[in-house]
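Chemist: What the sequence shown shows, in numbering that gives the first Met the number 0, is residues 0 to 46, in sequence order. Ideal placement from N, C-alpha and C gives every residue a C-beta, glycine not left out. The structure is given below, and queries will be raised subsequently.
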Amino acid sequence: MKRGKTAIPLPPYADAVFCLLTFPLVVSLVYWLTRIACAAAFKGLVR
C-alpha cells in the first residue's frame, strides 16, 4: 500500500511566521527573567 505525502511541505513564509510567533515569546521570557532577577537583587540589597 502506497501512502501519499506524509510531511506537508512548508511554504517559504512559514519561517517568517515562526519567527514572528517565537520572538514575542522569547522577549517576554527574557523580560520576566530580568524582572525576577532584579527583584531578587533588590531584596538582597534591602537586607
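So the alpha helix (DSSP H) ARG34 belongs to, where does it begin and stop?
Modeler: Residues 13 to 45.
Chemist: What does the alpha-carbon distance come out to for the pair VAL45 and ALA36?
Modeler: Approximately 14 Å between the Cα atoms of the pair.
Chemist: Do you know offhand how far PRO10's Cα is from VAL16's?
Modeler: Rounded to whole angstroms, PRO10 to VAL16 spans 10 Å at the Cα level.
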